[in-house]
Amino acid sequence: MRRAFDVDHPESCTPPRGRMPSVPDALTALADALDADPPAALADVDPTVVRRLADAVTAEQQRQAEAADRAVDEALRVVPRPLRGVVRRIIVP
Amino acid sequence: VIAPEELEVRRIARLVRLDPAELDGLADVPLEDLRALREQLLAALFDANADAWQRAVAVAGVVPAGMAAKLSQAALGPVLSARVTALTPTRKAVEIAAKLDPAYMADVAVEVDPRRITDIVVALPPATIAAVGRVLADRGEWLVMADFVAALTPEALRTTIAALDDEAVRQIEPLLEDEDRIAEVRALLDER
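Those protein sequences? They're chains U and P, same order as listed.
Last residue of the first sequence: 180 (the numbering used here), numbering continuous.
Last residue of the second sequence: 250 (the numbering used here), numbering continuous.
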């Protein structure tokens, strides 16, 4: 499986400053974010736009993952004590 | 009438929290490719962290609907709730929806793909759908509303249209893509 966002190397998802992304680079970034090859017609789109889309996908995936982590703690705080053990066994992987 | 390619770009932009203007030129891509791209984006966003969403569904299965609704609002928030809703059994989802206020349901509606929750939308009381529709109209979420129209039963459509003013319906109509639904909406407008 492709890695959508490398938290240890976030710069891997961002083109070097001052350089326009090439079409292949942008399409590769989008394919990585989607974990699938995007439609071939995207090769005709400005690579800056394709790269922006790829970065937006990885950023949204990252936001979701972080929100899911926070939700575990919040759920255990909200659930009444009698149900907490059952819920903890389900949501703590 | 707005070109279907332009509507797809707006949907794609909303999914990844970009302004459509930031996707300049994307509307030149053939419609079927844009639709395929949106499906890929939906899969990348809805199916990423699928284990976490499934665990949330399991929690909803062991707590009362009122508690599940509280967890949806307090712990998950609208984005994660949208992901989880798509995996929740219809009956449970409808029970939880009955405990949520329309404003929060509207928050979730903006984040969900209606095609993934059609069974739930069909099972919701028309009055609930109309109440959420009013909130979305107040917020000017015309494309979200238009996308939900396809999932509504005729009764829910009638109830929702009745709850909206003419201006709101006129904002939604150009965004509808299904000719049959456009005809239904026009007929309901003419009945006023």
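By construction, the Cβ of each residue, glycine as well, lies at the ideal position given by its N, Cα and C atoms.
Just so it is clear, the structure is predicted and the values come from calculations on it, not from any experiment.
Asked, Found
"In the DSSP assignment, the alpha helix (DSSP H) including P/Ile187 goes from what residue to what residue?", "Pro184 to Asp196"
"Pairing CB atoms from the segment 81-92 of chain P with CB atoms from the segment 116-134 of chain P, are three or more of them under 8 Å?", "no"
"Can you list, in chain order, the residues of the segment 153-169 of chain U whose Cβ is nearer than 9 Å to any Cβ on chain P?", "Ala154, Ala155, Asp156, Arg157, Ala158, Val159, Asp160, Glu161, Ala162, Leu163, Arg164, Val165, Val166 and Pro167"
"Any contact of the segment 133-151 of chain P with the segment 141-157 of chain U, i.e. 3+ C-beta pairs under 8 Å?", "yes"
"Pair every Cβ in the segment 152-172 of chain U with every Cβ in the segment 130-139 of chain U, then say whether three or more of these pairs are closer than 8 Å.", "no"
"Helix, strand or coil for U/Pro108 per DSSP?", "coil"
"Step through the CB atoms of chain U and report whether any lies within less than 8 Å of the CB of P/Glu80.", "yes"
"My understanding is that P/Val202 touches P/Val168, with C-beta atoms under 8 Å, so please give their C-beta distance in whole angstroms.", "5 Å"
"Could you check if P/Glu66 is buried or exposed, using at least 16 other CB atoms within 10 Å of its CB as the buried criterion?", "buried"
"Under a Cβ-count criterion, where at least 16 other Cβ atoms within 10 Å of its own Cβ denotes burial, should P/Gln98 be classed as buried or exposed?", "buried"
"For P/Arg69, count neighbouring Cβ atoms within 10 angstroms of its own Cβ and tell me buried if that reaches 16, exposed if not.", "buried"
"Going by DSSP, what residue range makes up the alpha helix (DSSP H) through P/Gly119?", "Ala108 to Val120"
"Give every residue of the same chain whose Cβ lies closer than 6 Å to the Cβ of P/Ala254, excluding the five residues on either side of it in the sequence, and list them in chain order.", "Since the first residue shown for chain P is 59 and the last is 250, residue 254 of chain P is missing from the structure and cannot be characterised."
"Less than 7 Å between C-beta atoms, sequence neighbours within five positions excluded: which residues of the same chain meet that for P/Leu145?", "Trp111, Gln112 and Val115"
"Where do the N-terminal and C-terminal ends of the alpha helix (DSSP H) with P/Ile60 fall, by residue?", "Neither: P/Ile60 is in no alpha helix (DSSP H) and is coded neither H nor E."
"Can you pull the chain P neighbours of U/Arg139, defined as C-beta to C-beta under 8 Å?", "Leu76, Glu80 and Leu81"
"Does DSSP put P/Lys150 in a helix, a strand or coil?", "helix"
"Locate the alpha helix (DSSP H) running through U/Gly172, then write down its first and last residues.", "Arg168 to Ile178"
"Interface residues of chain U around P/Ala116 at Cβ under 7 Å?", "Ile177"
"Taking P/Val166 as the reference, which of P/Lys150, P/Pro184 and P/Ala127 has the closest Cα?", "P/Ala127"
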